[in-house]
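Residue numbers (this note's numbering), protein chains in the order written: chain B, 17 to 663; chain V, 17 to 663. Reading through the structure tokens given below for one structure.
Protein chains: 2
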Amino acid sequence: MLSRIKTPEFHSIKITDSLFKHYVDLIAKKMLPYQWDVLNGKGECVKSYCINNFKIAAGVLSGEHKGVVFGDTDAYKWLEAVAFCAMNGEKDFIPVADELIELIEKAQQPDGYLNTYFTVVHPKQRWKNLREGHELYSAGHLFEAATAYYQATGKERLLNVACRFADLICKVFGPGQDQCKGYPGHQLVELALMKLYRVTGKTDYLKLARFFIDERGGSPNYFIEEMKQEDHLRIFPELTDYDPAYSQSHMPPVKQETAEGHAVRAMYMYSAMADIAQACGDEELKTTCRKLWDNVTLKRMYITGGVGSSGLLERFTTDYDLPNDRMYCESCASIGIMMFGQRMASLYRDASYYEAVERALYNTVIAGISAEGDRYFYVNPLEVWPDNCLEHTSIHYVKAVRQPWFDVACCPPNIARTLASLGQYICAVDDRSLYINLFISSEMEIDINGNPVRVKMESTLIQGGKLKISVCTNGKKAITVRIRIPSWLENPVFYSNAEEIHPAMENGYAVLAVNREGEQNFELSGKTPARLMTANLNVRADIGKVALTKGPFVYCLEEKDNGNNLAALRIRADAIVEEDVPQKDLPGDLPTLKVKGQRVISTIKDSMQLYGTPEFQTKEQEIKAIPYCIWGNRGSGEMRVFIDTVY
Amino acid sequence: MLSRIKTPEFHSIKITDSLFKHYVDLIAKKMLPYQWDVLNGKGECVKSYCINNFKIAAGVLSGEHKGVVFGDTDAYKWLEAVAFCAMNGEKDFIPVADELIELIEKAQQPDGYLNTYFTVVHPKQRWKNLREGHELYSAGHLFEAATAYYQATGKERLLNVACRFADLICKVFGPGQDQCKGYPGHQLVELALMKLYRVTGKTDYLKLARFFIDERGGSPNYFIEEMKQEDHLRIFPELTDYDPAYSQSHMPPVKQETAEGHAVRAMYMYSAMADIAQACGDEELKTTCRKLWDNVTLKRMYITGGVGSSGLLERFTTDYDLPNDRMYCESCASIGIMMFGQRMASLYRDASYYEAVERALYNTVIAGISAEGDRYFYVNPLEVWPDNCLEHTSIHYVKAVRQPWFDVACCPPNIARTLASLGQYICAVDDRSLYINLFISSEMEIDINGNPVRVKMESTLIQGGKLKISVCTNGKKAITVRIRIPSWLENPVFYSNAEEIHPAMENGYAVLAVNREGEQNFELSGKTPARLMTANLNVRADIGKVALTKGPFVYCLEEKDNGNNLAALRIRADAIVEEDVPQKDLPGDLPTLKVKGQRVISTIKDSMQLYGTPEFQTKEQEIKAIPYCIWGNRGSGEMRVFIDTVY
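Okay, structure coming up:
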């Protein structure tokens, strides 16, 4: 039997890629201190009461709990980012984190319960509003932080806090007669329990994760019944007329075939389902995961790796409904695509799942953070006209510029922890293989089945150059290096120690043998031309439109480079896209693209009129595009991914 | 000095036009009985508590008030429609209306106050939440019903009820020391007071209308201050974070230059401002009206005469922001365009204002009601894909099919009263002129300065035929007949008693003399070709798209005629549009249009993929269009006004 594909244990990892290094460095140097200030209520533009809430719950400060019910998770996500940064060699925040962990431990109740909102505000309402209370969601972020912190530092204190709470949850929830049959309103704890299970080996955690998935969507619906309780505490008045599909509880998860409801919840749940399917060898659940993945990536995902077509309720809508200007595409939902895809690649041992992971990471996830690291997008539009992004309108949730923080501040720390833990997406291992999934230049020291392996990867594949990988082992055990061949790479050619080789292909991976001590060098070359792409005919929003791409990067036009009214620009569907020098004031050293196009300069004779007989006039215009991931870093202006064609 | 242009007193009016007769007949024969059932809680699919609320307030029934705070207005608008139908010769509902009026009178409080919600539910909260309470709005609808009913029947009972209430309002509100300095949260009472003033001659009503306009938008904002009161009763929780622009109270109306906030409120207020400017000869207010009209019609109005680009808060957004699929375009707002335009034409003595009135009436207002008269659109999209009109999404307010009724049921009775009173839009009079503004075949008996005039109009102008007008006077006083020359009529030629004449043109009207007793006949012929139109270059949503039109009618494509995925259809910007026979199963006997076009049948090679290299393939397809006003009468399906071009 094949061994499980998993994230390696990193002894060290150093990102050297021009784009990602920029952001990874920002996390330790700028985002961790910035977010720490925010969490402590010292933010420049924003105030979070997160740390104070823990102090109040711990009894070391008196006052009122403030902020949203799931505010604790900001601290947990911050701790998780600190842990990942430590793995990356940036350990400055460890002492601060240790103090925070001490505070968190103090806020934990004697029975293991840990949630500042319910402890301080509604101590008698524990577990009574699973739909809105986010207790299990918050627990999930605690468990994720705890496992990451333990893996990064070897320190057990937070892991013990997490296990005490997890043990309590195992007592409260489960199939037993006196146990609660509910499940989380916002999924996450399921996949977090799987992490805790892997680190601790306690099968109770796996069982509980499975219980939450199995119980979900039963009839009658738990959340609807819960709302009927006399002492039911309402938290979010906007969630009247609750539709169970919002939280994917409209039917048992294993029966679901289309992605419904809140996109982030969906992604977290599907990720947990893939984990459980793998851990339990559950073929039915595995098939469900495949159906859901296919539905998301083949019918409901933007070219930027964004998901969630409706701003209202941040939800999926229907197949091929992908409007460019009124979508949601929450940064966290694209992080969810990365999480789900990573697990699917492991479950199916197939490189192709990384196409969407890469698309999400290289476009929407990076776009979520500013070049300076201190501003964020929650919503990631494919088309923006700042003039109509007004408060209190149908697209008021679309912001034309990144914001300093949010009341519901899931995205900033989520982006931080994701970029700080890139290693888990770059490579994976099983007992005898190293899988290279993303081409992000880096140096890593990991273990494969107990044997140390040093990997050095330099990639300029996307820039039209090469991928150079050097793998160094002790030679005690032969391993194979499996390199994903991405769909965007044309004419891939392999070299081993400077000689052309023809490796076997398995499930999208080129299989290379490493069977001696010392360094072995591989090279992969190929072409990554800039090219136009378009959407399926059923995507009504995009018919006759094209997007400029290069490798995994989707490009966009900005007003700054192309003038305003980007809707007036046109290119031919067979236009030749040329590469140009990187934009100096933007990070990543990524090529810009240019293409000869047209601009509609007149539609009707009298430009003072609103309607008239069409008299379309155009002029030639060279169109310039920059990578979508770095848009919005040069002031407010129009932006557009899909451009109309003339053909 | 020129005498005021006003709506004539109709001794009788009979609509004979093929399209409008269909709907006008429906009102008396179907809508009045249907709506009466609804108001009495006997609706087939819907329940309104409107009449029961009056019974409870009158003390003849015990129970709880149910429904929205402005529910009374449904009865008033129904009464107004009954009155207009009576003018049209349909008097069956007069006895029922008389009974209802008796009930309304019983529900009126001894001091004149009349509002079932506040009387029954919150008697101590009168006038304390002007922002949300709708007391003045409801009063406005009472005043409108009362004046119409009096004019139609000569019966004074409802007029007396209205005046008693208006007199109370004059006491409560005004500049005096003990008077309230507030103004209505939802405008309407201002223009209703103007009607009451014209019928009764009481200048107090004019003064109060003026007071409401003058006081509005003062600093500090009345509504914001009102919300700070300790006993403030909240009615609509969704209106937290109140933005005074929502109710056009962000600045004094006379200073406003752009249309902001809730579109219906705006239109009603502008209409009142035009009335007041005319009555008071206020040049500054007149200029403001002109600026606001220009802003609406030249920058913020759909080609269908719809307004309100945002579904959230049903509001205006910004210049040229006219998305086709997520707009609001409430039927009532287009009725507001008709009201405002009618008053502007009178204020400026200029026919051109009727271009927008006609556009709104011939497209959005009629589209609001089904061919059968029993289903309604509240929101009037220019593009619908039923699959993505899901509940709880960003465009959930867009309905792909007309609905039987609404919780906020302003539109159905508003459409009914508008279509029942078409005469006021067809013609106007001053002391010596008859103005023909719309070409709706009809027979009317009216007075001009005390002299009876009989007008008979037969128009097939839009169908490519002629306008025949016969005017019959007693010859005691010479009058002029002024016929609007619409922008869509090409090569107009006039005949008087079969001889070609060349009348003078004044402000868009051809001026014809009628100076002898008996019948005088005029004919107007010209061409009304089907033609393509497009929008201003600044309308980003429409660049490179065209709409098919003929005269004032905007046409649309329906899935039923053209297959699904209408976004895939293309026509040339210089395509020849041909007329075809009317669609038999749709009312109005209006020509359909056809045009040779293309359908994109492939965008990428592998149609199972979501994105790929563009390989656009098209095939020839004849495209068929029907008038927008009768869309959605053949089941649910896609619909689209603006079609992409190839050029």
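Cβ coordinates follow ideal geometry from the N, Cα and C atoms, glycine included.
Rounded separation between residue i and residue j - CA only
i: PHE569(B); j: TYR644(B); result: 7 Å
i: SER503(V); j: ALA367(V); result: 10 Å
i: VAL417(V); j: GLY651(V); result: 7 Å
i: GLN479(V); j: GLY648(V); result: 22 Å
i: PHE510(B); j: SER541(B); result: 7 Å
i: GLY198(B); j: LYS22(B); result: 30 Å
i: GLU300(V); j: GLU241(V); result: 28 Å
i: GLY233(V); j: SER618(V); result: 55 Å
i: SER154(V); j: ASN467(V); result: 36 Å
i: VAL392(B); j: GLU346(B); result: The amino acid at residue 392(B) is misidentified as Val; the sequence shows Tyr. Those two C-alpha atoms are separated by around 11 Å.
i: LEU116(V); j: PHE26(V); result: 24 Å
i: GLN203(V); j: VAL373(V); result: 20 Å
i: THR135(V); j: ALA73(V); result: 6 Å
i: PRO49(B); j: GLY87(B); result: 18 Å
i: MET267(V); j: LEU505(V); result: 40 Å
i: ILE29(B); j: ASN537(B); result: 19 Å
i: SER235(V); j: ALA261(V); result: 13 Å
i: GLU246(B); j: GLY79(V); result: 26 Å
i: LEU585(B); j: ASP660(B); result: 7 Å
i: ILE185(B); j: TYR369(B); result: 33 Å
i: GLY5(V); j: ASN465(V); result: A question about residue 5(V) goes unanswered here, because the residues of chain V that appear run from 17 up to 663.
CB of residue i within 8 Å of CB of residue j, strictly
i: VAL616(V); j: LEU553(B); result: yes
i: ILE43(V); j: LEU435(V); result: yes
i: PRO163(B); j: VAL112(B); result: Correcting the residue identity first, residue 163(B) is Thr in this sequence and not Pro. No.
i: GLY201(B); j: GLU148(B); result: yes
i: GLY327(V); j: ILE411(V); result: yes
i: MET289(B); j: CYS305(B); result: yes
i: LEU438(B); j: VAL40(B); result: yes
i: LEU158(V); j: LEU130(V); result: yes
i: VAL205(B); j: GLY156(B); result: yes
i: ILE550(V); j: PRO630(B); result: The sequence as given places Thr at residue 550(V); Ile does not occur at that position. Yes. Within cutoff.
Selection from the options that minimises the alpha carbon distance to residue i
i: GLU474(B); options: ARG500(B), SER410(B) and ILE456(B); result: ILE456(B)
i: LEU483(B); options: GLY560(B), ARG306(B), HIS150(B) and SER512(B); result: SER512(B)
i: VAL527(B); options: PRO508(B), LEU505(B), GLU515(B) and ARG498(B); result: ARG498(B)
i: ARG142(B); options: GLY83(B), HIS248(B) and GLY105(B); result: HIS248(B)
i: ALA182(B); options: ILE659(B), LEU209(B) and ILE495(B); result: LEU209(B)
i: GLY277(B); options: VAL54(V), TRP421(V), MET655(V) and GLU407(V); result: GLU407(V)
i: ASP114(B); options: GLY87(B), THR496(B), GLY105(B) and GLU96(B); result: GLU96(B)
i: GLU515(V); options: TYR166(V), CYS196(V), GLU539(V) and ASN396(V); result: GLU539(V)
i: THR544(V); options: ALA349(V), ALA557(V) and LEU564(V); result: LEU564(V)
i: GLY59(B); options: VAL469(B), ASP423(B), ILE31(B) and ASP622(B); result: ASP423(B)
Distance between beta carbons of residue j and residue i, contact taken as under 8 Å
i: ILE591(V); j: LEU548(V); result: Position check: residue 591(V) holds Ala in this sequence, whereas Ile was assumed. Correct: roughly 7 Å between the Cβ atoms.
i: SER486(B); j: GLU535(B); result: 5 Å
i: SER34(V); j: GLY560(V); result: Actually they do not touch by this definition, with Cβ atoms about 35 Å apart.
i: PHE356(V); j: MET283(V); result: 5 Å
i: ALA91(B); j: ILE67(B); result: 7 Å
Quiz prompt | Residues of the region 295-318 of chain B whose Cβ lies closer than 8 Å to any Cβ of chain A, in chain order | solution = Protein chains B and V are contained in the structure displayed, whereas chain A is not.
Self-check item: Residues within the region 411-433 of chain B neighbouring chain V, beta-carbon criterion of under 9 Å
Solution: ILE411, HIS412 and TYR413
Self-check item: Proximal residues, the region 535-551 of chain B versus chain V, C-beta separation under 7 Å
Solution: ARG547, LEU548, MET549, THR550 and ALA551
Quiz prompt | Selection of the region 608-633 of chain B by Cβ proximity to chain V, strictly under 8 Å | solution = VAL616, ILE617, SER618, THR619, ILE620, SER623, MET624, GLN625, LEU626, TYR627, GLY628, THR629, PRO630 and PHE632
Quiz prompt | Near-chain V residues of the region 334-354 of chain B - C-beta to any C-beta below 7 Å | solution = THR334, ASP337 and ARG342
Self-check item: Within 7 Å of chain B by C-beta, residues of the region 555-568 of chain V in sequence order
Solution: ARG556, ILE559, GLY560 and VAL562
Exercise. Give, in chain order, every residue of the region 378-393 of chain V whose Cβ lies closer than 7 Å to some Cβ of chain B.
Key: none
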